[in-house]
Amino acid sequence: MGQNMNNGSQASAHQQMVEVTKKFHAIGIRSGIISGLFYGLYSFVVMIISGFDPIKSAVGIFAAPFVMGGLNDFMGGCVLLLNVIRTGKFKELGRSLATKPGKIMLLGFVLGGPIANGAYLVGLSLAGAFAIPVSATTAAFGALFAAIFLKQKITPRVGVGMVLCVAGAVILNLVKPEGATNFTLGILLAIVAAICWGLEGCISSFGGAMLDSEVAVTLRQIVSGLIQMVIIVPLVGATGLFTKMLAAPLPMLLLLVSGTLVGISYTTWYKSNAMVGTAIGMSLNITYAFWGVFFSILFLGQALTPTITIGSIIVILGAIVVTTNPLDLFRKSEV
């Protein structure tokens with residue numbers, strides 16, 4: 001009898017562990033989906049800001065993107081900082097930076113902030129909304145880097161889902177959009193952003209497992225914003241534009257909104273990468289390619305073309321395949 005009770009306790013403990021693992025995985029999946037939606041909203045708001053002066057009339061391809069990027073990240077970081085203070089995690093900022101994972105994460109902050117986001121914003125200004133899905137190839141780069149550096153295995157199903165996501169992003173860009181000033185350079189810069197975000201995703205998957213995601217992203221946004229405002233903006237000769245932006249109430253308000261959106265996106269993205277791995281987390285995050293184009297069609301008059309329709313559907317299908325085994329749906333229906 002004692003043996004039976006022992007076996008029963010072990011079975012119960014195992015069942016509880018399975019349930020906890022499922023819940024953990026589900027939270028990671030949900031976080032990844034939220035990160036994609038909010039980054040799509042961020043991309044949409046940034047495109048709106050580009051239509052207002054002084055950004056609209058800015059001279060040079062680097063000035064406006066880095067001024068917007070610096071203010072966006074810094075103000076978003078300040079919003080996140082208020083939340084960190086509210087939740088009693090303020091002291092964790094310094095403690096996190098003092099740790100080895102924190103110092104490694106600093107590299108990710110620079111790659112994903114000033115470099116990737118700067119390239120992405122320049123790509124948006126040159127290639128229009130179609131730079132959004134091209135940058136979504138970051139999922140493939142992220143999974144590749146995770147397999148090389150973190151030894152994270154890519155299952156066949158997740159691999160197929162990733163390929164679908166990337167294929168959808170490519171199809172979305174088969175037709176050049178009207179009004180793109182320098183489409184090819186914009187697309188190349190979007191790929192640069194994808195590579196750097198892939199590296200950041202790999203780093204966040206490592207460091208995020210040991211650091212609080214809210215604290216890590218708060219540091220990321222503030223560090224990224226300060227580097228762009230203090231170092232890059234003067235280097236590209238955009239100090240005058242920066243001053244004009246500070247005196248423009250509506251663009252500044254919109255930047256506060258976009259900064260908050262991107263802060264939420266990165267917080268949930270870091271959490272997803274740490275909970276379900278870089279490959280799945282980034283594959284879910286790149287659904288922003290669909291959301292960004294969708295909002296542009298709905299509100300900014302972006303033309304609805306066959307390539308946009310087909311590409312968006314494929315991106316969604318890819319995300320579904322990454323997160324769910326389609327065979328499970330049939331198994332459940334048979335029970």
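Residue numbers (the UniProt record's numbering): 1 to 335. All C-beta atoms, glycine included, are put in the ideal place defined by N, C-alpha and C.
**Asked** In three-state DSSP terms, what is K100?
**Response** If you number the sequence shown from 1, residue 100 lands on position 100. Of the three classes helix, strand and coil, the one that applies to K100 here is helix, per DSSP.
**Prompt:** Under three-state DSSP, which class holds N182?
**Reply:** Taking the first residue of the sequence shown as 1, we reach residue 182 at position 182. In the three-state DSSP reduction, N182 falls in the coil class, being neither helix nor strand.
**Prompt:** V46: which of I280, G128 and N285 sits nearest, CA to CA?
**Reply:** Against the sequence shown, residue 46 aligns to sequence position 46. Nearest option by C-alpha distance: G128.
**Prompt:** Buried or exposed: I231, going by 16 or more other Cβ atoms within 10 Å of its Cβ?
**Reply:** Position 231 of the sequence shown holds residue 231. So I231 counts as exposed.
**Message:** In the DSSP assignment, the alpha helix (DSSP H) including M282 goes from what residue to what residue?
**Reply:** Within the sequence shown, numbered from 1, the residue matching residue 282 stands at position 282. Looking at the DSSP string, the run of the alpha helix (DSSP H) that includes M282 is T278 to N285.
**Prompt:** Could you give the uninterrupted runs of the alpha helix (DSSP H) lying entirely in the region 65-113, keeping only those of 4 residues or more?
**Reply:** Within the region 65-113, the complete alpha helix (DSSP H) runs of at least 4 residues are 90-98 and 100-110.
**Request:** For S333, count neighbouring C-beta atoms within 10 Å of its own C-beta (all shown protein chains included) and say buried if the count is 16 or more, exposed if not.
**Result:** The residue you call residue 333 lines up with position 333 of the sequence shown. Because the pLDDT of S333 is 42, which lies under 50, any placement of that residue in the model is unreliable, and the question is left without a value.
**Prompt:** Whose C-beta lies closer than 7 Å to the C-beta of A167 among residues of the same chain, with five residues either side of it excluded?
**Reply:** Residue 167 sits at position 167 when you count from the first residue of the sequence shown. For A167, where only same-chain residues beyond five positions count, the Cβ hits under 7 Å are I314.
**Message:** Rounded to the nearest angstrom, what separates K89 and V215 at their Cα positions?
**Reply:** In the sequence shown, the residue the question calls residue 89 occupies position 89. In the sequence shown, the residue the question calls residue 215 occupies position 215. The straight-line gap from Cα to Cα measures roughly 7 Å.
**Prompt:** What do you get for G102, buried or exposed, if any count of 16 or more other CB atoms within 10 angstroms of its CB means buried?
**Reply:** As a position in the sequence shown, residue 102 is number 102, starting the count at 1. Buried, since its Cβ has 16 or more Cβ neighbours within 10 Å.
**Item:** Backbone secondary structure at S333 - three-state DSSP
**Value:** What you label residue 333 is simply residue 333 of the sequence shown in a count that begins at 1. Residue placement at S333 is flagged as unreliable, the pLDDT there being 42, under the threshold of 50; the coordinate-derived value follows with that caveat. Three-state result, S333: helix.
**Prompt:** Quick one, which of L126, G28 and I308 has its alpha-carbon nearest G60's?
**Reply:** In the sequence shown, residue 60 corresponds to position 60, counting from 1. Out of L126, G28 and I308, L126 has the C-alpha closest to the C-alpha of G60.
**Message:** If contacts are defined as beta-carbon pairs under 8 Å, then S96 and L199 qualify, I think. What distance do you get, rounded to the angstrom?
**Reply:** Here the question's residue 96 lines up with position 96 in the sequence shown. Here the question's residue 199 lines up with position 199 in the sequence shown. Not confirmed; about 20 Å, so no contact.
**Message:** For G225 and N72, what's the separation of their Cα atoms in angstroms?
**Reply:** Within the sequence shown, numbered from 1, the residue matching residue 225 stands at position 225. Within the sequence shown, numbered from 1, the residue matching residue 72 stands at position 72. Whole-angstrom Cα-Cα distance: 7 Å.
**Message:** Please tell me whether Q228 and G108 are closer than 8 Å, where the distance is taken between their beta carbons.
**Reply:** Reading the sequence shown from its first residue, position 228 is the one you call residue 228. Reading the sequence shown from its first residue, position 108 is the one you call residue 108. Their beta carbons are not under 8 Å apart, which means Q228 does not touch G108 by this criterion.
**Prompt:** How should P114 be labelled, buried or exposed, when 16 other C-beta atoms within 10 angstroms of its C-beta is the threshold for buried?
**Reply:** Numbered from its first residue, the sequence shown carries residue 114 at position 114. Looking at its Cβ environment, which holds 16 or more other Cβ atoms inside 10 Å, P114 is buried.
**Item:** Rounded C-alpha distance that separates G32 from T268
**Value:** The count along the sequence shown starts at 1 and reaches residue 32 at position 32. The count along the sequence shown starts at 1 and reaches residue 268 at position 268. Spanning the two alpha carbons is a distance of roughly 6 Å.
**Message:** Can you check whether the C-beta of F66 is within less than 8 Å of a C-beta belonging to chain C?
**Reply:** Any reference to chain C falls outside this structure, which holds one protein chain only.
**Message:** Let me make sure I understand the geometry here. Which of V262, A247 and A58 has the alpha-carbon closest to that of V122?
**Reply:** The sequence position of residue 122 within the sequence shown is 122, counting from 1. That would be A58, whose Cα lies nearest to the Cα of V122.
**Message:** Closest to I34 by C-alpha separation, out of L304, L261, T309 and T307, would be which residue?
**Reply:** Position 34 of the sequence shown holds residue 34. If we check each option's Cα against that of I34, L261 comes out closest.
**Item:** Nonlocal neighbours in the same chain, by C-beta distance under 7 Å from I203, ignoring five residues either side
**Value:** Here residue 203 refers to the residue found at position 203 when the sequence shown is read from its first residue. Here the set comprises I104, M105, L107 and G108.
**Prompt:** In terms of residues, what are the limits of the alpha helix (DSSP H) holding G159?
**Reply:** The count along the sequence shown starts at 1 and reaches residue 159 at position 159. Note, G159: alpha helix (DSSP H), P156 to I171.
**Message:** Can you tell me whether L241 is buried or exposed? The criterion is at least 16 other CB atoms within 10 Å of its CB, across all chains shown.
**Reply:** Working through the sequence shown from its first residue, we reach residue 241 at position 241. The residue in question, L241, is buried, as its Cβ has 16 or more Cβ neighbours within 10 Å.
**Assumed close pair V322, I280 - CB separation to whole angstroms, cut-off 8 Å** = The residue you call residue 322 lines up with position 322 of the sequence shown. The residue you call residue 280 lines up with position 280 of the sequence shown. At roughly 6 Å, the Cβ-Cβ gap stays under 8 Å, so V322 and I280 are in contact.
**Local Cβ density within 10 Å of I148, reported as buried at 16 or more and exposed below that** = Along the sequence shown, one-based indexing puts residue 148 at 148. So I148 ends up on the exposed side.
**Message:** My assumption, with CB atoms under 8 Å, is that V236 sits in contact with F66. Please give the rounded CB distance.
**Reply:** The residue given as residue 236 occupies position 236 in the sequence shown. The residue given as residue 66 occupies position 66 in the sequence shown. Contact between V236 and F66 holds, since their C-beta atoms are separated by about 6 Å, short of 8 Å.
**Message:** Going by DSSP, what residue range makes up the alpha helix (DSSP H) through T239?
**Reply:** Taking the sequence shown and counting its residues from 1, the one referred to as residue 239 is at position 239. Under the DSSP assignment, T239 falls in the alpha helix (DSSP H) whose first and last residues are T239 to L246.
**Prompt:** Is there at least one non-hydrogen atom of the ligand MN closer than 7 Å to the beta-carbon of A116?
**Reply:** In the structure on display, the ligand MN does not appear, and there are no ligands present to speak of.
**Prompt:** Out of curiosity, what's the CA-to-CA distance linking I286 and G292?
**Reply:** By one-based count along the sequence shown, residue 286 stands at place 286. By one-based count along the sequence shown, residue 292 stands at place 292. Taking the straight line joining both Cα atoms gives about 10 Å.
**Message:** Let me check understanding here. Comparing Cα to Cα, which of F294, A119, T21 and K23 lies closest to A194?
**Reply:** Position 194 of the sequence shown, counted from the start, is the residue given in the question as residue 194. Considering only alpha carbons, the answer is A119.
**Message:** What does the Cβ neighbour count give for residue 337, buried or exposed, with the cut at 16 atoms within 10 Å?
**Reply:** The question about residue 337 has no answer, for the chain in this structure spans 1 to 335.
**Item:** Closest by C-alpha distance to M210, when choosing among N273, S43 and G263
**Value:** Within the sequence shown, numbered from 1, the residue matching residue 210 stands at position 210. Relative to M210, the option among N273, S43 and G263 whose CA is nearest is N273.
**Asked** Between which two residues does the alpha helix (DSSP H) harbouring A136 extend?
**Response** Looking up residue 136 in the sequence shown gives position 136. From DSSP, A136 is part of no alpha helix (DSSP H); its letter is neither H nor E.
**Asked** Which stretch, first to last residue, makes up the alpha helix (DSSP H) that contains L174?
**Response** Working through the sequence shown from its first residue, we reach residue 174 at position 174. Where L174 is concerned, there is no enclosing alpha helix (DSSP H), given that its DSSP letter is neither H nor E.
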